[in-house]
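Trainee:
In my numbering, the protein residues as written are 86 to 233.
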């Protein structure tokens, strides 16, 4: 009796190999570096040293093309300043810069002090540490099979 199974369906130990299951397992198992395989598939292209330069020049060329196209497309604006070449690019940049810079005073207005929730690692300020805490029995639910 001979084994008619092709050699490519068995691993080195002679066990049958299930390619789809192993491929799916590899897609869900992080590598030794702790990188998830899907992250490698989706964002692995960002590891290249030239990626940042290519993105920068790509956006620069796209911006130039859009500014040149802005010269060729007739506009029907209601505000005279909107007819200026590159107006929307400058307006967008100024708006973005305004929003980013307003984060500083807004953060100062809304931010809590570092000790807002009490001292780190210690008990809350409104609890007396000398009083023993008894576990609460309310809020427990009976489960099927529980004895009374």
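Every residue, glycine too, gets a C-beta built ideally from N, C-alpha and C.
Output the distance between the C-alpha atoms of residue 143 and residue 176, rounded to the nearest integer angstrom.
Mentor: 21 Å
Trainee: Measure the C-alpha to C-alpha separation of residue 157 and residue 130 and round it to an integer number of angstroms.
Mentor: 36 Å
Trainee: Suppose only complete runs of 4+ residues qualify. What are the alpha helix (DSSP H) ranges in the stretch 144-195, listed by chain order?
Mentor: 172-195
Trainee: Going straight from the alpha carbon of residue 90 to that of residue 99, what length do you get?
Mentor: The pLDDT assigned to residue 90 is 48, lower than 50, so where the model puts this residue is not dependable, and the model offers no usable value.
Trainee: Anyone know if the C-beta pair for residue 152 and residue 174 falls short of 9 Å?
Mentor: Yes, the pair counts as a contact, with Cβ atoms nearer than the cut-off.
Trainee: Using a Cβ-Cβ cut-off of 8 Å (strictly less than) and excluding sequence neighbours within five positions of residue 162, which residues of its own chain qualify?
Mentor: Result list for residue 162: 168, in chain order.
Trainee: Could you spell out the range, first to last residue, of the alpha helix (DSSP H) harbouring residue 126?
Mentor: 122-128
Trainee: Between the C-alpha atoms of residue 185 and residue 97, what's the straight-line distance to the nearest angstrom?
Mentor: 58 Å
Trainee: How long is the line joining the alpha carbons of residue 160 and residue 147, rounded to whole angstroms?
Mentor: 20 Å
Trainee: To the nearest whole angstrom, what separates the beta carbons of residue 170 and residue 155, a pair I think is in contact under 8 Å?
Mentor: 6 Å
Trainee: How many Å lie between residue 136 and residue 127 at the Cα?
Mentor: 14 Å
Trainee: Cα separation between residue 108 and residue 140?
Mentor: 32 Å
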